[in-house]
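Asks: Before I ask anything, here is the structure I am working with.
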Amino acid sequence: MVQPDRTRTSRWVLHIDMDAFFASVEQLTRPTLRGRPVLVGGVGGRGVVAGASYEARRFGARSAMPMHQARRLVGAGAVVVPPRGSVYRVVSARVFALVRESIPVIETLSFDEAFGEPELLAGADADAVTRFAEEVRRRIRDELGLAASIGAGSGKQIAKIASGLAKPDGVVVVDPAQDREFLRPLSVRKLWGIGPVAGDKLHRLGIDTIGDLADLSSVEVASVLGATVGPALHRLAQGIDDRPVAERASAKQISAESTFAEDITALDRLRAAIDGAAAGAHRRLLADGRGARTVVLKLKRSDMSVLTRSTTFSPATSELSVLATAAQRLALDPVDIGPVRLVGVGYSGLTADEQFQLFGAGEDPTTTPTAEASSGDENDTPAPDVGVQTMTGRTVSDDGAVTWLTGTDVVHPDLGHGWVQGSGHGVVTVRFETRTTGVGPVRTFETSTPELRVGDPLDSLDWPDTLTGRDPAGGPGVGDIPSDGRAVEQERDLDDVSAVSSDPGTA
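Under UniProt numbering, the sequence shown has 254 at position 254, and the numbering climbs by one with no breaks.
Given below as structure tokens:
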């Protein structure tokens with residue numbers, strides 16, 4: 001929104017937000033999905049939409065919505081695929097590496113969004129900022145095949161609101177002279193820090209817009225929102241936002257967790273889930289470049305109570321075998337504690353000073369495993385980690401029957417890389433395609449065909465190794481994963497995003 005008054009300012013903040021990032025990456029790497037309503041997330045009874053393409057959003061589907069509801073809204077044309085966190089991390093790394101060529105210092109918020117404050121725009125007018133933002137967006141589109149929306153303003157608050165108004169695939173620049181006029185008619189819920197509880201409280205007092213909040217006195221704001229938070233929100237409502245753009249600090253904890261479509265009731269299944277979570281967190285640990293001294297196991301039971309246990313080593317380590325073994329030692333039998341719906345493994349005590357062990361790391365004798373139960377309140381529970389692999393790509397029943405899971409990346413020695421579109425009745429249908437192939441051919445095999453193997457999801461990008469780093473946990477340009485594991489698309493606060501099912505489905 002470029003206003004007529006071309007005020008020059010010493011500071012311009014940009015908010016770069018990738019459009020429908022998860023679904024867009026799926027459409028990028030699987031050309032058959034382009035132009036189709038794609039839902040990314042779990043398909044089990046507890047599955048939640050992690051990302052929805054704009055084609056799906058036209059039907060009312062959105063992120064954080066229960067998957068069964070989204071599928072009903074979209075109808076038979078919906079294509080549901082599980083999240084592929086490793087692919088999103090690599091694409092995110094490349095996006096923000098490209099952005100850094102124009103904006104050396106950026107503050108990444110997640111896979112798909114970041115703030116930047118280009119020094120070369122200091123003193124520029126809105127027209128110059130618009131041209132700059134359009135060039136960044138053009139490069140992302142031309143070089144990576146993805147759409148981004150960019151908002152710009154005098155501070156983070158306005159830049160973020162502007163990028164939302166720019167969607168999809170646009171640029172909105174708010175001239176600093178128009179800051180207060182821009183903010184006044186917007187819902188007070190647009191302000192950072194005002195959630196449902198505070199929003200409802202303000203509504204009951206007749207404060208519905210940012211302008212209403214800006215018109216209050218300092219005493220009134222403090223009485224309503226508190227003496228600490230109130231003044232900060234009052235300043236934002238008045239268009240005053242001098243928060244700096246800075247690189248994110250290193251994560252204090254790296255973790256991975258998954259919620260399961262069916263509760264875990266057997267120890268052997270729990271151990272398999274622990275191994276998966278330990279491996280998912282380990283990939284991030286390697287990308288982080290530090291070792292861990294403490295391993296934390298988190299189990300959420302079916303009654304929503306949470307049990308955590310931890311153990312600490314004397315030296316830090318990044319060896320998966322040591323970390324996974326420690327996590328397994330913390331396991332509790334579901335027969336004793338009750339059914340388990342969520343399993344998570346976290347690594348903390350992160351340090352660059354690491355000692356590699358020949359025979360495994362010993363536990364710190366001053367620390368013993370501890371357990372604590374909580375109410376499982378949603379405010380205490382981190383959103384699931386879309387990077388966790390909650391399935392191996394196929395299931396094998398007791399009688400030896402094989403079922404491939406929809407969305408699984410596969411590889412065939414003659415046909416190359418592909419993905420499973422459906423499986424059942426002893427056969428599996430695979431579409432062989434990558435980012436560069438265009439719509440690929442479909443082949444159907446017997447499910448037990450030995451030539452068909454689970455593939456590396458990164459191969460769907462078809463980028464040279466030097467560009468992806470072949471690092472499934474991330475790379476240069478990706479901000480550290482928040483310690484609470486909230487690494488999801490802009491529509492945040494998901495629950496049970498990674499719940500999956502053996503339902504083969506169809507694409």
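The beta carbon of each residue, even a glycine, is placed where N, CA and C say it ideally should be.
1) Around the C-beta of residue 138, are 16 or more other C-beta atoms found within 10 angstroms, so that it is buried, or is it exposed?
2) State the beta-bridge partners of residue 432 as determined by DSSP.
3) What does the alpha-carbon distance come out to for the pair residue 324 and residue 17?
4) Across which residues does DSSP place residue 344 in a beta bridge pair?
5) Kindly say whether residue 307, judged by its beta-carbon, lies nearer than 9 Å to any beta-carbon of chain B.
6) Buried or exposed for residue 122, please, with buried defined as at least 16 other CB atoms from any protein chain shown within 10 angstroms of its CB.
7) How many Å lie between residue 408 and residue 439 at the Cα?
8) Tell me the rounded alpha-carbon separation between residue 225 and residue 339.
9) By alpha-carbon positions, which one of 460, 89, 276 and 312 ends up nearest to residue 344?
10) If you follow the alpha helix (DSSP H) that residue 223 is part of, which residue opens it and which one closes it?
11) Could you check whether residue 428 and residue 452 sit closer than 9 Å to each other, using their CB atoms as the reference points?
12) Below 8 Å, can you find three or more Cβ-Cβ pairs linking the stretch 57-64 to the stretch 103-114?
13) Using the Cα positions of residue 176 and residue 235, report the straight-line distance between them to the nearest angstrom.
14) On the three-state DSSP scale, how would you describe residue 15?
15) By the three-class DSSP mapping on this structure, what secondary structure does residue 148 have?
16) Anyone know if the C-beta pair for residue 202 and residue 215 falls short of 9 Å?
17) My parser needs the beta strand (DSSP E) runs of 3 or more residues fully inside the stretch 278-331; what are they?
18) For residue 84, which of helix, strand or coil comes out of DSSP?
19) Where does residue 132 sit, in a helix, a strand or coil, going by DSSP?
20) Under 6 Å Cβ to Cβ from residue 186, same chain only, skipping five residues before and after it: list those, please.
21) According to DSSP, is residue 206 part of a helix, a strand, or is it coil?
22) Compare the Cα-Cα distances from residue 420 to each of 437, 394 and 436 and report the closest residue.
23) Identify whether residue 409 lies in helix, strand or coil by the three-state DSSP scheme.
24) Would you check if the stretch 115-132 and the stretch 95-103 touch, i.e. whether three or more CB-CB distances between them fall below 8 Å?
25) Could you check where the alpha helix (DSSP H) with residue 230 kicks off and where it finishes?
26) Does the beta-carbon distance from residue 57 to residue 155 come in below 9 Å?
27) Grab the span of the alpha helix (DSSP H) containing residue 68 for me, first residue to last.
28) Output the distance between the C-alpha atoms of residue 474 and residue 348, rounded to the nearest integer angstrom.
29) Please tell me whether residue 306 and residue 299 are closer than 9 Å, where the distance is taken between their beta carbons.
30) Please list, in chain order, all residues of the same chain as residue 401 whose beta carbon is under 8 Å from its beta carbon, the five residues on each side excluded.
31) Taking the alpha-carbon positions, what's the residue 192 to residue 414 distance?
32) Under 8 Å: do the stretch 23-33 and the stretch 77-91 share three or more Cβ pairs, one atom per stretch?
33) Which first and last residues belong to the alpha helix (DSSP H) in which residue 23 is found?
34) Between residue 23 and residue 51, is the Cβ-Cβ spacing less than 9 Å?
35) Taking all protein chains shown into account, do 16 or more other C-beta atoms lie within 10 angstroms of the C-beta of residue 317, making it buried, or fewer, making it exposed?
36) Kindly indicate the opening and closing residues of the beta strand (DSSP E) around residue 422.
Replies: Let me lay it out:
1) Walking along the sequence shown from the start, residue 138 turns up at place 138. Exposed, by the Cβ-count rule.
2) For the purposes of this step, residue 432 is taken as residue 432 along the sequence shown, with counting starting at 1. Residue pairing by DSSP places residue 432 in no beta bridge whatsoever.
3) On the sequence shown, position 324 is the one that residue 324 refers to. On the sequence shown, position 17 is the one that residue 17 refers to. Rounded to the nearest whole angstrom, the CA to CA distance from residue 324 to residue 17 is 36 Å.
4) Position 344 of the sequence shown, counted from the first residue, corresponds to residue 344. In DSSP, residue 344 forms a bridge with 257 and 298.
5) The displayed structure is made up of one protein chain only, and chain B is not part of it.
6) In the sequence shown, the residue the question calls residue 122 occupies position 122. Exposed, since its Cβ has fewer than 16 Cβ neighbours within 10 Å.
7) By 1-based counting over the sequence shown, the position of residue 408 is 408. By 1-based counting over the sequence shown, the position of residue 439 is 439. Roughly 17 Å separates the two Cα atoms.
8) Looking up residue 225 in the sequence shown gives position 225. Looking up residue 339 in the sequence shown gives position 339. For residue 225 and residue 339, the gap between their C-alpha atoms comes out near 40 Å.
9) The sequence position of residue 344 within the sequence shown is 344, counting from 1. Among 460, 89, 276 and 312, the Cα nearest to that of residue 344 is on 276.
10) Taking the sequence shown and counting its residues from 1, the one referred to as residue 223 is at position 223. Where residue 223 is concerned, the enclosing alpha helix (DSSP H) starts and stops at 218-225.
11) On the sequence shown, position 452 is the one that residue 452 refers to. On the sequence shown, position 428 is the one that residue 428 refers to. Their beta carbons are under 9 Å apart, which means residue 452 touches residue 428 by this criterion.
12) Contact between the stretch 57-64 and the stretch 103-114 is absent: fewer than three C-beta pairs spanning the two stretches fall below 8 Å.
13) By one-based count along the sequence shown, residue 176 stands at place 176. By one-based count along the sequence shown, residue 235 stands at place 235. So the two alpha carbons sit approximately 15 Å from each other.
14) As a position in the sequence shown, residue 15 is number 15, starting the count at 1. The three-state secondary structure of residue 15, taken from DSSP, is strand.
15) Here the question's residue 148 lines up with position 148 in the sequence shown. In this structure, residue 148 counts as strand in the three-state DSSP scheme.
16) Within the sequence shown, numbered from 1, the residue matching residue 202 stands at position 202. Within the sequence shown, numbered from 1, the residue matching residue 215 stands at position 215. At the C-beta level, residue 202 and residue 215 stay beyond 9 Å of one another.
17) Runs of the beta strand (DSSP E) inside the stretch 278-331: 292-301 and 306-317.
18) In the sequence shown, residue 84 corresponds to position 84, counting from 1. Here residue 84 sits in coil by DSSP.
19) Counting from one through the sequence shown, the residue named residue 132 turns up at place 132. If DSSP states are grouped into helix, strand and coil, residue 132 belongs with the helices.
20) Within the sequence shown, the letter at position 186 stands for residue 186. 210.
21) Taking the sequence shown and counting its residues from 1, one reaches residue 206 at position 206. Per DSSP, reduced to three states, the secondary structure at residue 206 is coil, with no helix or strand assignment.
22) Numbered from its first residue, the sequence shown carries residue 420 at position 420. Of 437, 394 and 436, the residue nearest in Cα terms is 394.
23) Locating residue 409 in the sequence shown gives position 409, counting from the first residue. Residue state, collapsed to three classes: strand.
24) Segments in contact, yes.
25) Taking the sequence shown and counting its residues from 1, the one referred to as residue 230 is at position 230. For residue 230, the enclosing alpha helix (DSSP H) begins and ends at 229-237.
26) The sequence position of residue 57 within the sequence shown is 57, counting from 1. The sequence position of residue 155 within the sequence shown is 155, counting from 1. No, they are not a contact pair.
27) Here residue 68 refers to the residue found at position 68 when the sequence shown is read from its first residue. Residue 68: member of the alpha helix (DSSP H) spanning 67-74, first to last residue.
28) As a position in the sequence shown, residue 474 is number 474, starting the count at 1. As a position in the sequence shown, residue 348 is number 348, starting the count at 1. Note that residue 474 has pLDDT 35, beneath the 50 cutoff, so the model's placement of it is unreliable and the number below is only indicative. Each residue's Cα considered, the two are about 18 Å apart.
29) Here residue 306 refers to the residue found at position 306 when the sequence shown is read from its first residue. Here residue 299 refers to the residue found at position 299 when the sequence shown is read from its first residue. The beta carbons of residue 306 and residue 299 sit closer together than 9 Å.
30) Residue 401 sits at position 401 when you count from the first residue of the sequence shown. So the qualifying residues of the chain are 426 and 447.
31) Position 192 of the sequence shown holds residue 192. Position 414 of the sequence shown holds residue 414. Taking the straight line joining both Cα atoms gives about 53 Å.
32) With the rule of 3 Cβ pairs closer than 8 Å, the stretch 23-33 counts as touching the stretch 77-91.
33) Position 23 of the sequence shown, counting from 1, holds the residue named residue 23. Run containing residue 23: 21-29, per the alpha helix (DSSP H) assignment.
34) Within the sequence shown, numbered from 1, the residue matching residue 23 stands at position 23. Within the sequence shown, numbered from 1, the residue matching residue 51 stands at position 51. With respect to residue 51, residue 23 sits close: the two C-beta atoms are nearer than 9 Å.
35) Residue numbering aside, residue 317 sits at position 317 when the sequence shown is read from its first letter. Buried: at least 16 other Cβ atoms inside 10 Å.
36) Walking along the sequence shown from the start, residue 422 turns up at place 422. First-last of the beta strand (DSSP E) with residue 422: 416-424.
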